[in-house]
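Peer 1:
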Amino acid sequence: TSLFYDDFDRLLHFQSLSWRTGRISTVSGWQWPPFFVSTTPLVIMSDTVGCSRLFLLIGIMISLIIDSGCKNPTGAETVQPFHSSTSWQHNHRNYTHFKMIKNEESSIAIDSSKYPLARKDDSIVDDYHGIKVADPYRWLEDPDSNETKEFVQKLNSISQPFISSSPIKDKLQKRLTELWNYEKFGCSSKHGDYYYYFHNSGLQNQSVLYRQKTLLGKSEVFLDPNKLSEDGTTSMNIQSFTNDGSILAYGVSEKGSDWVTLKFKKADGTDLNDTLVGVKFSGLDWLIDNSGVFYSTYPDHKGLMEGISTEKHEYHSLYFHKLGTPQSDDVLVADFRSHPEYICSGSVTDDGRYLIVDVSRGTDPSNKLYYYDVQDANQKITGKVPLKPLFDKSDAKYEFIDNDNDTALILTNHDAPMFKVIRVKMSTAHEGPSAWETVIPEDKKNKLDWVTYVGADRLVVSYIEDVKGMLQNKLYVYCPKTGERFYEIPLEIGTISGFYGHKKHTEMFLRFDSFLTPGIIYYVDFKDIEPSHPVKLKEFRRISVKGVDTSKFTVKQVFCTSKDGTKIPIYILHNKNLVLNGNTPTILYGYGGFNIAVTPYFSISSILFLDNFKGIFASANLRGGSEYGEKWHEGGIRERKQNVFDDFIAAAEYLISNNYTSPRRPELAIRGGSNGGLLVGVVSQQRPELFGAVLNQVGVLDMLRYHKFTIGNAWIPEYGNPDEASDFEFIYKYSPLHNIEIPNKGHQWPSTMLLTADHDDRVVPLHSLKYMARLYEAARASNNFQKKPLIIRVDVKAGHGAGKPTSKIIAEYVDMYCFLQKVLDLKWYE
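With UniProt numbering, letter number 277 in the sequence shown gets 277, and the count goes up by one each step, no holes.
1) Report yes if the CB atom of G519 is closer than 7 Å to the CB atom of D513, and no otherwise.
2) Are there three or more Cβ pairs, one per stretch, closer than 8 Å when the segment 159-174 is compared with the segment 714-730?
3) Sort N413, G192, Y571, E488 by Cα distance to S366 and report the nearest one.
4) Beta carbon of residue 911, beta carbon of I343: below 7 Å?
5) Would you decide whether G383 is buried or exposed? Buried here means 16 or more other CB atoms lie within 10 Å of its CB.
6) Below 6 Å CB to CB, which residues in the same chain sit around T599 once its five sequence neighbours on both sides are set aside?
7) Alpha carbon to alpha carbon, what distance is there between L580 and L824?
8) Count the other CB atoms within 10 Å of the CB of H129; is the residue buried (16 or more) or exposed (fewer)?
9) Figure out for me which residue from T363, N378, D329 has the closest Cα to the Cα of R353.
10) Beta strand (DSSP E) containing C560: first to last residue?
11) If you reduce the DSSP assignment to three classes, tell me which class L737 lands in.
12) Using 8 Å as the threshold, is the segment 528-539 in touch with the segment 551-565, meaning 3 or more CB pairs across them?
13) Does the beta-carbon distance from D758 to I163 come in below 7 Å?
14) Out of curiosity, what's the CA-to-CA distance linking N94 and K827?
15) Going by the CB atoms, is the gap between K503 and Y453 shorter than 7 Å?
16) Report the partner residues of M753 according to the DSSP bridge assignment.
17) Grab the span of the beta strand (DSSP E) containing T438 for me, first residue to last.
18) Just confirm the distance between the C-beta atoms of G251 and P805, as a whole number of angstroms; I'd bet it's less than 8 Å.
19) For the alpha helix (DSSP H) containing K745, name the first residue and the last one.
20) Mind listing, in chain order, the continuous beta strand (DSSP E) runs of no fewer than 3 residues lying wholly within the segment 395-450?
21) Indicate whether at least one CB of chain B lies closer than 7 Å to the CB of S145.
22) Going by C-alpha to C-alpha distance, which of R780, G455, C560, V125 sits closest to Y478?
23) Give me the Cα-Cα distance between I572 and S603, rounded to the nearest whole angstrom.
24) Curious, which full-length alpha helix (DSSP H) runs of at least 4 residues does the segment 205-290 contain?
25) Can you grab the Cα-Cα spacing for the pair S113 / K822, in whole Å?
26) With DSSP run on the structure shown, which of helix, strand or coil describes P688?
27) Please state the DSSP three-state secondary structure of C70.
28) Which residue comes first and which comes last in the alpha helix (DSSP H) that contains I716?
29) Who are Q472's beta bridge partners in DSSP?
30) For A597, which residues from the same chain have a beta carbon less than 7 Å from its beta carbon, with the 5 sequence-adjacent residues on both sides left out?
31) Are the CB atoms of I810 and W180 nearer to each other than 7 Å?
32) At what residue ranges does the segment 605-682 contain a whole run of the alpha helix (DSSP H), taking only runs of 4 or more?
33) Opposite E830 in the DSSP bridges: which residues?
34) For the alpha helix (DSSP H) containing R774, name the first residue and the last one.
35) Below 8 Å on the Cβ atoms is my contact criterion, and I expect D193 with G245 to pass it. Report the Cβ-Cβ distance as a whole number of Å.
36) From this set, N226, E341, W632, I521, which residue's C-alpha is nearest F281's C-alpha?
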C-alpha cells in the first residue's frame, strides 16, 4: 500500500499529502485514466484509518463517474491532474486546489494539423566545413515577397483568434492602460539658458521634449514627436545641442527602424532646412563654433525599403555636415575600408580642441581610439583628416572621459577586468602602460561602471557593487587630479537610469529607479561647496503610479549554482504574503550578453503580473553581461555561450526546488528578447520539461546566417563566425533553428509565443519566420502529440523596440499576458 499511496499522490499532487475529497471532480469532456486499486485483508485490519479513506475516495470517484455520465474508461487517454493553490473555473463550476489538463479536447490546445505548412525548397543545402545543412525556408528571408506576406497572414490567422479568445483580454487592456497612465519624467540637462527634459503625460505615444528657464519656472514644449505622425510611430532617438545650446540636432526614426533622419532646430524655435537621411548607429556631435556636426552611416547603403531591407551593412564611416549645405556636400572624415565590419563614431572634446574617433569591431568590447586636433585646423573640416593614435591595438576597452589641454582621462579595463581610470598624454598614450598614470585603481570586487565630470574639480563615479547579497549602483565623488575618493553619495538599492553632469556646470541631475520605484529625479548644485565636503541629494521630482500599492511587494536577491559551480544572482519580486508552495505563476527573465548589466528597473507590466495574477517576477544576472566586469562577460560568449544557457536553467531549477513555482502544473514562464530571445529559444529545446510557457521577443534564432543581414556581422565577436570551422562547431550545437525536435512521446515543446515586427532591421523578422516554419513542420510530424500552443505575433509599423509608441507597447503586453493566461490557466484578481 505504500507504493499505491506514492503513485496515487504523484498523480493527484494533493497538498501536503492530504486527502481532501472535496478536490475530486469530473469535468465535461474529460475522463479519468483507468484505475486498478488493490489492497489485502491484512492491510485492512492493520490500517483501518487509511483504508477507510481509501474506500471513501473510491466511493466518491464512482459516484462522480455515474453523475457525469462518463462511459467505460477503457482506452481513454490519460489526463494529467496538477495541484493548484488557486481556484479554477470551468463551465461556471469552481474546483479549488485541483485541476486536470485535457489533451485533445483542451480549450488551450491547438490541433497541430491546423498549423500552416510553409513551402519547402529542399534544393537549398549549404556545406559548412563538410557538414551539409538544409535551409528549406530560405525564401522567407525576403520580407517583400508575396509568398512571405501570405505566410505571415496564415501565421496571424492562428495567433490572433487564440489570443483574442482569452476571457480576460478586456480586463487586461483596461487595467494595463490604467496603470500606464501616469506621468513620466526624464532626467533634466542644462543647455544654454534652459533646462531640458522629456515628459509623458501618461498615454502619449512618444515623450515630449520640454524646457524651462529655472528649475521651478514654467515649462514649455520645445519638440513634440507626436506631431510627426498620426499613429505615433515616428520617434526621436538621438539628440545633441551645440556647446552654447543655441541649436539642437536630433534624429527621428520611422516605424521603429534603426535608420534615422537628422533634423535641426534653433533654441528660438526655428526649424532649419538641413535634413540628413540614411543615418544609422551614429553618434552626433558639434564643432565648438556651431558650424556643423559629425555623424556616421553606411555609404554603400542602397536606400531602398528602409526598415524592411535585410541588406548586410559594411564600411561604417564618419562624415561631417556643414550647416546650411546639402547632404550631398557632406565630407567623408574617416573610414576603414580594410575592415568592413568596423563601426566608428566621432565626438568633440568639451574644450572644442580634439575630434575623438572611436572604432570597434562590431560589438567587440575592445576598441581603438584616435584623435585629430581641430583647433590646429582652425575648426575647418574639408576632407579626410590625419588621425593620430591614442590606443590602436584593440586589446581592451578605452573610453574617453575628458581632457585638460593635451592630457586626457581614460576609463579602461586594460589589465583591470573591473575597470580603472588612467591619465595619459595625447601624444604618447599609444606607447602603452609605461606611458600611463593610474588615477583610480581597479576595485577587484566591484565594477567601475562610468565616470563623468561635474564642474571642473569633481569626478562623479558609479560602481556596480554587491552589497549584502544585492547588486546595486553606488555613487562616489573623487578628486580628478589625485584620484582620492572624497565621499559616497547615499542611494537606496536600485539603478541610476539617467544622469547629467558637465565640466562647465556645477549642477548634477540623476534619475533613480528600482523594481518598486517608478523613478525619482535627484538634483545637486555643487556651487560654493568644497569638493571634499559631502552633499546629499535633493529630491526634484518623484514619479508615482496611480492604483498600485507597492508596499505589498518585496524584492530579494538569491544565488543559484550553475552547472560549473558559478554562483548566479537572481532578483525575485513577489507579494509579501507569498506562500512557498510551488504553485505561484512565475516569469523568469534573462538576457546574458553583449556586456549589458541587468540591474533593478521598474516595469509596470511586472507590477500588473504581481498584483492581478498574484505572480512572481524573477530576473537572472547571467554570464555574458557586465555585472561583474569583463571576465563575467567573457564567460558567456563564443565557445562559452552554453554557460549562459546553463546559468538560466540553474535559475529555473532554483525557483522550482525552492518552491517558488513548478513546471508540472505548469506555472513557470520564461521571457527574453533579442539576445534574450536566443536564450529562451535554446533552453526551451534543451530542457522543455522545465517550462510551462516561453515568450520569445525578436529573438536571434538562425545562428548560421545571422551575420549576413543588416548589422548581424557586428555580433561576430559575441557569437563567433559560423563560416569559420572552429566557430561553426559550437554554434551549430545550440542554434535554435537547427535544433528543433518534437518527439511523439515524452515531453511536448513548451507553449511558445514568438513576437517579431515587420520593420525590425536589427534582428530581422526572418529569424522568427523561419523558426516558426520549422517548428510547425515538426509539430505536424509529431502525430498530434504536440498539443501545447505554438504561435507567433507579427507586428506592423514596428521595429526592434526602441521608439515603440505607448499604444503598441500596451497592445503587445496585453497579447503576451492573454497567451500566458490561457496556457498557464492564470486566475485574474481584481
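Ideal Cβ placement from N, Cα and C applies to all residues, glycine included.
Peer 2: Quick look at the numbers:
1) yes
2) Because the criterion of three Cβ pairs below 8 Å is not met, the segment 159-174 and the segment 714-730 do not touch.
3) N413
4) In the structure as shown, the chain starts at 1 and stops at 830, and residue 911 therefore has no counterpart that could be examined.
5) Exposed, by the Cβ-count rule.
6) Around T599: T495.
7) 18 Å
8) exposed
9) N378
10) Unbroken beta strand (DSSP E) run through C560: 553-561.
11) helix
12) no
13) no
14) Interpretation of N94 is limited by its pLDDT of 29, a score under 50 that renders its predicted location unreliable; no figure is taken from the coordinates.
15) yes
16) BP columns for M753 point to L695, I791.
17) 437-440
18) The beta-carbon distance between G251 and P805, rounded to whole angstroms, is 17 Å. This is too long to meet the 8 Å contact definition.
19) Segment: none, K745 is in no alpha helix (DSSP H) and carries neither H nor E.
20) 398-404, 407-412, 420-425, 437-440
21) Structure shown: chain B not included; a single protein chain is present.
22) G455
23) 13 Å
24) none
25) 20 Å
26) helix
27) With a pLDDT of 39 at C70, under the threshold of 50, the modelled position of that residue is not reliable, and no figure is offered here.
28) 716-719
29) E465
30) I464, G625, S626, E627
31) Taking 7 Å as the Cβ cut-off, I810 and W180 qualify as a contacting pair.
32) 630-634, 641-657
33) Looking at the DSSP assignment, E830 forms no beta bridge with any residue, so it has no partner.
34) 766-780
35) 7 Å
36) E341
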